[in-house]
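*Asks:*
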Amino acid sequence: MTIDTTIQITEAPSFARVLGKSLLELPQDLYIPPDALEVFLETFEGPLDLLLYLIKKQNLEILDISIAKITTQYMEYVDLMVGLRLELAAEYLVMAATLAEIKSRMLLPRPESINEEDDPRAELIRRLQEYERFKKVGEELEFMPRLERDIFIAQVELPELDSERPLPDVDLRELMLALQDVLRRADMRADHEVRRDLLSVRERMTQIIERLHNHQFLKFEELFTIEEGRAGVVVAFIAILELLKGSIIEIVQTEPFAPIHIRSASHEL
Amino acid sequence: MSFNVNDLKPIIEAVLMASEQPLSVTMIAQLLTSETVPNKEMIREALELLQEDCAGRGIDLKEVASGFRYQAKQEYAHWISKLWEERAPRYSRAFLETLVLIAYRQPITRAEIEEIRGVTVNSNIIKGLIEREWIKVVGQREVPGKPELLGTTKEFLDYFNLKSLTDLPALSDIQDIDQQAIELERQLQLQVVTLDDNTREFVTENSEAQ
Amino acid sequence: MSFNVNDLKPIIEAVLMASEQPLSVTMIAQLLTSETVPNKEMIREALELLQEDCAGRGIDLKEVASGFRYQAKQEYAHWISKLWEERAPRYSRAFLETLVLIAYRQPITRAEIEEIRGVTVNSNIIKGLIEREWIKVVGQREVPGKPELLGTTKEFLDYFNLKSLTDLPALSDIQDIDQQAIELERQLQLQVVTLDDNTREFVTENSEAQ
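Residue numbers (my numbering), protein chains in the order written: chain A, 578 to 846; chain B, 46 to 255; chain C, 46 to 255.
#1: Please state whether the Cβ-Cβ distance between residue 103 of chain C and residue 87 of chain B is less than 8 Å.
#2: Could you check which residue in B:211, B:155, B:207 and B:146 has the C-alpha nearest to that of residue 192 of chain B?
#3: For residue 184 of chain B, is the classification buried or exposed, using 16 other Cβ atoms within 10 angstroms of its Cβ as the cut-off for buried?
#4: Roughly how many whole angstroms lie between the Cα atoms of residue 798 of chain A and residue 150 of chain C?
#5: When you compare the CB of residue 128 of chain B with every CB in chain C, is at least one pair closer than 8 Å?
#6: Verify the CB distance criterion: does residue 786 of chain A have a CB-CB separation below 8 Å to chain C?
#7: Let me check one thing: in DSSP terms, what residues is residue 115 of chain C bridge-paired to?
#8: With a Cβ-Cβ cutoff of 8 Å, do residue 143 of chain B and residue 174 of chain B count as a contact?
#9: Check whether chain A comes within 8 Å of residue 196 of chain C, counting only Cβ atoms and requiring the distance to be less than that.
#10: Is the stretch 785-793 of chain A touching the stretch 816-828 of chain A in the sense that three or more CB pairs, one from each, lie closer than 8 Å?
#11: Alpha carbons only, please: which of B:139, B:133 and B:195 is nearest the one belonging to residue 165 of chain B?
#12: What residues from chain B crowd round residue 107 of chain C, counting only those whose CB sits closer than 9 Å?
#13: For residue 138 of chain B, report the span of its alpha helix (DSSP H) as first-last.
#14: What is the residue span of the alpha helix (DSSP H) that residue 824 of chain A lies within?
#15: Tell me whether residue 56 of chain B is buried or exposed, calling it buried when 16 or more other Cβ atoms sit within 10 Å of its Cβ.
#16: Based on DSSP bridge pairs, tell me the residues matched to residue 127 of chain C.
#17: Is there a Cβ of chain A sitting closer than 8 Å to that of residue 166 of chain C, yes or no?
#18: DSSP state of residue 201 of chain B, grouped into three classes?
#19: Identify each residue in the stretch 742-763 of chain A for which the Cβ-Cβ distance to at least one residue of chain C is less than 9 Å, and report them in chain order.
#20: Considering only the alpha carbon of each residue, which of C:202, C:108, C:100 and C:48 lies closest to residue 148 of chain C?
#21: Would you mind telling me which residues of chain C sit closer than 8 Å to residue 293 of chain B, beta carbon to beta carbon, in chain order?
#22: Using a Cβ-Cβ distance under 8 Å, would residue 117 of chain C count as near chain B?
#23: Apart from the five residues on each side of it in sequence, which residues of its chain come closer than 6 Å, Cβ to Cβ, to residue 610 of chain A?
#24: Going along the chain, which unbroken runs of the alpha helix (DSSP H) with 4 or more residues stay wholly within the stretch 46-71 of chain B?
#25: State the Cα-Cα distance for the pair residue 121 of chain C and residue 178 of chain B, rounded to the nearest angstrom.
#26: Can you name the residues that DSSP bridges to residue 196 of chain C?
#27: Kindly give me the distance between the Cβ atoms of residue 195 of chain C and residue 186 of chain C, rounded to whole angstroms, as I take these residues to be in contact under 8 Å.
#28: Helix, strand or coil: how does DSSP classify residue 213 of chain C here?
#29: State yes or no: is the C-beta of residue 819 of chain A nearer than 7 Å to some heavy atom of the ligand MG?
#30: Within 8 Å, do at least three Cβ pairs link the stretch 744-762 of chain A to the stretch 108-127 of chain C?
#31: Using the beta-carbon of each residue, which ones in chain A are nearer than 8 Å to residue 125 of chain B?
#32: Relative to the C-alpha of residue 51 of chain B, which candidate in B:94, B:160, B:64 and B:141 has its C-alpha closest?
#33: Measuring only the C-alpha atoms, how far is residue 200 of chain C from residue 208 of chain C?
#34: Rounded to whole angstroms, what is the Cα-Cα separation between residue 820 of chain A and residue 160 of chain C?
#35: So, helix, strand or coil for residue 750 of chain A, using DSSP?
#36: Mind checking which residues open and close the beta strand (DSSP E) that includes residue 841 of chain A?
Listed below in structure tokens is the structure:
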């Protein structure tokens, strides 16, 4: 979400710059090389953005846009896009439809005196202009000084205070909201499965590590409590396997049938 | 005990330096309440003197939206950033464009943002902006569906080192279409950023829009 | 470019003010390395001059065991402690997210937290959590770099009034929107009960998730 792919459009002459590498040859006749297509799409923030780009690239008088040409070019993009990102293509289709509508209205016989309001292009131009104003400021914002990057707060050590500094209060609900957000974000990253974990196993893993701090070796059996029943034993066993897999503990047995011991993998040799 | 401005200066300096957040004149006055009836004029005077003291030093006393804070002079950011292992977060164009729209058109609904950008606003962007505490829900529009109205926060201004929304760069004007036909092409070529005096004009326009 | 002591002063002041840790002369010299061959004598001289500049101000430049740091003067402690009365302190979202991930995924390394959150974890957050005694280093993973494993403490459970970690809400309760999650959790419960023979299968599946 906040990870920038470092794609920006440089202005006049317009071309896409991808990770510092210019794709100058890219949009000469509006044909996009297939391998650059995805990158190209990510370069634009939607159909208005692309339209602005096309107009600039084509060096067109904005009031004399050849709607037919734009529409054709648009449809080409849309064709290419459908295979890649449908939801994105939908927005571009709306724009293409708008352009087609404008064109058809332009073909109809026009009244003698035409004012701006009747010009079907006026609304599109207004929207393009409106969008461009914000787009420009958005680009400027990137270069404005900001905390963490250009501005650093000056803060000094506190003297000894007569009153304890209170610590922030947190309630469990707040903590859960934070978790909900992490989970949602992690969900979008398919390689993470946070939710499958069983807390009891996690808790046991920490407990075993702690016990190993105090004892160099622990007997394997000591890690199980019969009173916990079968579920408890399983939890302990899974915890041991997880710790083993995570290179946190080692299992040692000096000779066949001798007692099995657990020790920290970071033991002093 | 009553203060004169020279007594006040080091106290205010110490308090500002110790605080994690910017402090407003009102907050500084409250801190001093128990000792004396706080005189805001004197506090302002002390702050001005402290600002002057920063000349030639490595730090500035800067007024941002939520108050005054000491910060390292920007010219030394280069050395300071070497202290940090982590790099400052980067924000995507979509993220910044959405933020800009909320800043300039607030209060604004998500649908209105989508209308101007011509593209759906990813809900992660809104969530990310709220999580950063740069925007918040300021109310809802009384139309069917009661869409939420979004606005920017003081934290947003603090983060971008601004005292008020009027310090944001001015939006270029929308001209009437005839003029625009002549000028647009030139503007597009030059990408002129007009940052001059129309800041104030922008504010008027913006507040009318509210 | 080579520095004289007057160029150095504001840089060192800015760097010390922005730093969260005291900085030794060697560390300051390292920060300046790229620009010039650092001259430690000159750095010491600049530090002395900066110390003299603190006369009459609200702060001191102190030398402690690990280096130099600015500190608010003791005589203003009274006003500084009033800061907390004015504004209740709170933790950042990043702080809470880190804590909750440690609670649910312990023992976990910092790198693993970063991988899940998708952003780097500021070392101050880990430090803050350890200072609050809500987490501790429980061991280390025996892989290159020997990353520290973090886990929650008894104090964490006490604070949130929990008897054991299993009293934390199940993830399925949190993600109530996501029906899939609920289903999955239920399946996992079943799996635990019927774990006898297929323990190995479950573990494999579970560890793939890491």
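We put the beta carbon where it would ideally sit given N, CA and C, even for glycine.
Quantities reported herein were computed from a predicted structural model and do not represent experimental measurements.
*Replies:* So, from the listed chains and residues:
#1: In this structure, residue 87 of chain B does not lie closer than 8 Å to residue 103 of chain C by Cβ.
#2: B:155
#3: exposed
#4: 25 Å
#5: For residue 128 of chain B, the nearest beta carbon of chain C is closer than 8 Å to its own beta carbon.
#6: Yes - at least one Cβ of chain C is within 8 Å of the one on residue 786 of chain A.
#7: C:106
#8: yes
#9: Put simply, the CB of residue 196 of chain C is near chain A, with a gap under 8 Å to one of its CB atoms.
#10: yes
#11: B:139
#12: Residues of chain B passing the Cβ test: none, with the nearest at roughly 13 Å.
#13: 138-150
#14: Looking at the DSSP string, residue 824 of chain A is not in any alpha helix (DSSP H), and its letter there is neither H nor E.
#15: buried
#16: For residue 127 of chain C, which the question treats as bridged, DSSP gives no partner whatsoever.
#17: no
#18: helix
#19: 742, 743, 744, 745, 746, 747, 748, 749, 751, 752, 753, 754, 755, 756, 757, 758, 759, 760, 761, 762 and 763
#20: C:202
#21: Since the first residue shown for chain B is 46 and the last is 255, residue 293 of chain B is missing from the structure and cannot be characterised.
#22: yes
#23: Legend: pLDDT at residue 610 of chain A = 47, less than 50; position of this residue unreliable, value from coordinates given subsequently. Excluding sequence neighbours, residue 610 of chain A sits near nothing in its chain.
#24: 50-63
#25: Roughly 32 Å between the two C-alpha positions.
#26: C:181
#27: Actually they are not in contact, since the Cβ atoms of residue 195 of chain C and residue 186 of chain C sit about 11 Å apart, beyond 8 Å.
#28: coil
#29: This structure lacks the ligand MG; in fact it carries no ligand of any kind.
#30: no
#31: 729
#32: Of the candidates B:94, B:160, B:64 and B:141, the one whose C-alpha sits nearest the C-alpha of residue 51 of chain B is B:94.
#33: Here the alpha carbons of residue 208 of chain C and residue 200 of chain C stand approximately 11 Å from one another.
#34: 20 Å
#35: helix
#36: 838-841
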